[in-house]
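For what it's worth, this note's numbering labels the leading residue of the sequence shown as 84, then goes sequentially.
The structure appears below as structure tokens.
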Amino acid sequence: MSFNSLGLSDSLLKAISKKGYTTPSPIQQKAIPPILKGQDVLASAQTGTGKTAGFTLPILQLLSQTQPVRNRPIRSLILTPTRELAAQILANIKEYSEFLDLKSTVIFGGVNQNPQVTQLRQGIDILVATPGRLIDLHNQGLISLAKVEILVLDEADRMLDMGFLRDIERVLKVLPQKRQNLLFSATFSKDIKKLAMGILQNPIQVEATPENTTVDAITQLIYPVAKEKKTELIIKLITEGNWKQILVFTRTKQGANKLTEFMNEAGIKAAAIHGNKGQGARTKALEGFKNGSLTALVATDIAARGLDIPLLPHVVNFELPNIPEDYVHRIGRTGRAGANGKAISLFSPDETVFLRDIEKLVGLTIPKENIKGFEPDPNASKEPIKQGQGRTQRFSAPKQPKVDSAKKTNNLGNRRTTSSNNDRRVNR
Ligand code: AMP
């Protein structure tokens, strides 16, 4: 299938070809036609599938079909959980709308509101926003959402995880009743289904990326290691392997900070990215990581969500996530857009239960390799570590069908489902 056959305008096709895209990804093939018809869409898609273009391209087409009115009221509102994701979506919109007469901007917290307000005053067709700043500006009477025609909730699951439900409900109250609604989510918990049912009208359901999948181009590997030797091991792996770009996951913000310090002391240029970091520090860390001046980016799950870092060769789970779905999200950061990637987990005995749940979820036994001198004490306690940050509730994963290899399906779609279980995200 080509982009031409999706019914997109010449101006959009020109921008798409300038981006170098030749074939629409599965989520784009499935989501674009119903959105163009004005239908509500419930889409299952995570970062890396091309989902952003899946909703921005048809929105641009729909909005460009009518003449801009005086004052340019906001006609499309895209809500996202994180500032980074918001900024990335806007960057995409700017590129795709290069040949259209449409204006777009982004608002998020953590930075001075004045430049954002100035932008809004000039008239904006498409607004990308995080919920907090949007409500803040709306409460100050600096923003009107009365003319919104198309609402997008992007990464809706993560918005709920981050506690934005009340904010979303507040936003919904100030939107016109009659509008088109698009909801994108990587997973579908009961809470997401409830939210979707309250918002979407006869939605078309598209599922190009079934949830809880692992990616073909990714080789997964576990290094069993004594807990206290993890730092030493990761430094050894990076330096001896001469790794150039590694995304490292820790479970906590403090853990991310500590590891970053150790890495820098060992001569590995690293920065941490998590919710306690200011916007400036986060942007700088991401930039440094993308342009190669930083070797390692140490992130918590929420901070890493939605970051578009193409061609990532290594993802390291310094600690296994206690929520198995987070493992899938984490390793999905490598092997994107056709690149090969390696997802390595440093696994200590106290994480035995986490690993069991992850393997059940992804439906495979992840290969293990011992590294001499780092093996854990066979008698070490397998008791799980204490969990913090409200992520206290865990549920057992249901039985998953086994697959025969650690290498599975591919990027930009064509992923294979290994689980339909999502209800464990409830109560997070
Ligand atoms: P997303 O899932 O929206 O974060 O997109 C993931 C990456 O895929 C981004 O770097 C996009 O620029 C890229 N991308 C989106 N659509 C296509 C396409 N049809 N062909 C190739 N790359 C794409």
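Glycine is no exception: its CB is placed at the ideal position from the N, C-alpha and C atoms.
Item: Contact check, Ala-126 vs Ile-142, beta carbons under 8 Å; Value: no
Item: Contact under 8 Å by Cβ, Thr-333 with Thr-383; Value: yes
Item: Sheet register partners of Ala-353 (DSSP bridge); Value: Ala-379
Item: Stretch pair the stretch 202-217 + the stretch 139-154: three plus CB contacts closer than 8 Å; Value: yes
Item: Cβ-heavy atom distance, Thr-130 to the ligand AMP, below 7 Å; Value: yes
Item: Cβ neighbour criterion (16 or more within 10 Å) applied to Val-509; Value: With a pLDDT of only 26 at Val-509, under 50, the local geometry of the prediction cannot be trusted, and no value is derived from it.
Item: beta-carbon Gly-424 near the ligand AMP non-hydrogen atom, thresh 7 Å; Value: no
Item: Residue of Thr-302, Pro-117, Asn-340 and Gln-223 minimising C-alpha distance to Gly-415; Value: Thr-302
Item: Limits of the alpha helix (DSSP H) - the one that Val-200 falls within; Value: 197-204
Item: Pick from Leu-210, Asn-347 and Ile-251 that is closest to Asp-274, judged by C-alpha positions; Value: Ile-251
Item: Bounding residues of the alpha helix (DSSP H) (the contiguous stretch that carries Gln-112); Value: 109-119
Item: Euclidean distance between Cα positions of Met-409 and Gly-338; Value: Reading the sequence as shown, one finds Asp at residue 409 and not Met. Asp-409 and Gly-338: Cα-Cα distance of roughly 17 Å.
Item: Nearest candidate by alpha-carbon position, reference Ser-431, set Glu-402, Ile-172 and Gly-424; Value: Glu-402
Item: Separation of Leu-330 from Glu-178, as counted between CA atoms; Value: 27 Å
Item: Pair within 8 Å by beta-carbon distance, Ile-233 and Leu-265; Value: yes
Item: Extent of the continuous beta strand (DSSP E) to which Gln-332 belongs; Value: Looking at the sequence shown, residue 332 is not Gln but Phe. Taken as a continuous stretch (DSSP letters only), the beta strand (DSSP E) holding Phe-332 covers 329-332.
Item: beta-carbon Gly-281 near the ligand AMP non-hydrogen atom, thresh 7 Å; Value: no
Item: Leu-217 versus Phe-271 - alpha carbon distance; Value: 25 Å
Item: N- and C-terminal bounds of the beta strand (DSSP E) containing Asn-400; Value: 397-400
Item: Classification of Asn-400 by the beta-carbon crowding that lies within 10 angstroms, buried from 16 upward; Value: buried
Item: Where the beta strand (DSSP E) through Ser-428 begins and ends; Value: 424-430
Item: Any non-hydrogen atom of the ligand AMP closer than 7 Å to Lys-134 Cβ; Value: yes
Item: Among Ala-364, Thr-188, Lys-360 and Ala-368, nearest to Ala-28 - alpha-carbon criterion; Value: The requested residue 28 is not part of the displayed model; the chain covers only 84 to 511.
Item: 8 Å Cβ shell around Met-84 - same chain, five flanking residues per side excluded; Value: Thr-106, Pro-107 and Gln-112
Item: CB contact flag (Pro-286, Lys-451, <8 Å); Value: no
Item: Beta strand (DSSP E) segment containing Leu-210, residue limits; Value: 209-212
Item: Residue burial classification, Pro-407 (beta-carbon count within 10 angstroms, cutoff 16); Value: buried
Item: Closer than 7 Å: Pro-151 CB and nearest the ligand AMP heavy atom; Value: no
Item: Spatially closest choice to Arg-166 from Ile-115, Asp-123, Thr-149 and Phe-191, by CA coordinates; Value: Phe-191
Item: Own chain partners of Ser-100 with C-beta closer than 6 Å, once the 5 adjacent residues on each side are dropped; Value: none
Item: Terminal residues of the beta strand (DSSP E) in which Ala-309 lies; Value: Here Ala-309 belongs to no beta strand (DSSP E), and DSSP marks it neither H nor E.
Item: Buried or exposed (CB count within 10 angstroms, at least 16 for buried), Met-346; Value: buried
Item: Endpoints, the alpha helix (DSSP H) within which Ser-464 is located; Value: That residue, Ser-464, is in no alpha helix (DSSP H); it is neither H nor E in DSSP.
Item: Proximity test, Ser-85 beta-carbon vs the ligand AMP heavy atom, cut-off 7 Å; Value: no
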